[in-house]
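Residue numbers (my numbering): 328 to 505. Don't be surprised by glycine CBs; every beta carbon is placed ideally from N, CA and C. Step one of this worksheet: look at the structure below.
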């Protein structure tokens, strides 16, 4: 490996500093200065408008989120009002006609089923299905013919909302004979 010695710098370069950086820029003409000031003013205005628009969009989005949360159940509540009206009409009936009351209750149940379907509420009746702890709640186990861990009795139906469990089905599950 050879050692390199620094090359001497000529005296002209040492004595004369970089004159390009030291000299001020050529004086600007009044027209160029006015054009630059106008451009700066336009850019400041555009920046302020962009900031204001962004802030307005944030505010509107926050208001939309609040409204969505506040009125999320509006469609379902509107579907439930006729069900309540039907139940009140049944209670107000004094005819004591059991067939008429039963017919009214069946129609009310139909209204309720339509409201549930409109809100994507699905009924879970797992009789005969394999026990799923995510959708079913086992109350007890009994010995039963067939495969173990299957639902042999449904005590209370479950409900799903868009595949999310609202209420698990209460079930009795089979166990192996032993």
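Burial state of residue i (16 or more Cβ within 10 Å)
{"i": "residue 463", "result": "buried"}
{"i": "residue 398", "result": "exposed"}
{"i": "residue 316", "result": "Given a span of 328 to 505 for the chain in the structure shown, any question on residue 316 remains unanswerable."}
{"i": "residue 473", "result": "exposed"}
{"i": "residue 485", "result": "buried"}
{"i": "residue 432", "result": "exposed"}
Same chain, Cβ closer than 6 Å to residue i, five either side skipped, listed in chain order
{"i": "residue 406", "result": "442 and 445"}
Neighbourhood of residue i by C-beta distance below 7 Å, restricted to the same chain and skipping five residues each side
{"i": "residue 347", "result": "The pLDDT assigned to residue 347 is 49, lower than 50, so where the model puts this residue is not dependable; a value taken from the coordinates is nonetheless given after this. Excluding sequence neighbours, residue 347 sits near nothing in its chain."}
{"i": "residue 438", "result": "409, 410 and 413"}
Contacting residues, own chain, Cβ-Cβ under 8 Å from residue i (five flanking each side not counted)
{"i": "residue 465", "result": "458, 498, 499 and 500"}
{"i": "residue 447", "result": "488 and 489"}
{"i": "residue 386", "result": "none"}
_Using a Cβ distance threshold of 8 Å, determine whether the segment 469–482 contacts the segment 493–503, with at least three qualifying pairs required._
Taking 8 Å as the limit for Cβ pairs, the verdict is that the segment 493–503 does touch the segment 469–482.
*Contained beta strand (DSSP E) runs [length at least 3] in the segment 421–500, N- to C-terminal order*: Those beta strand (DSSP E) runs which fall completely within the segment 421–500 and span 3+ residues are 448–451, 463–470, 478–483, 485–488 and 491–494.
*Residue ranges of each beta strand (DSSP E) run of no fewer than 3 residues wholly in the segment 346–423, ordered along the chain?*
Within the segment 346–423, no complete beta strand (DSSP E) run reaches 3 residues.
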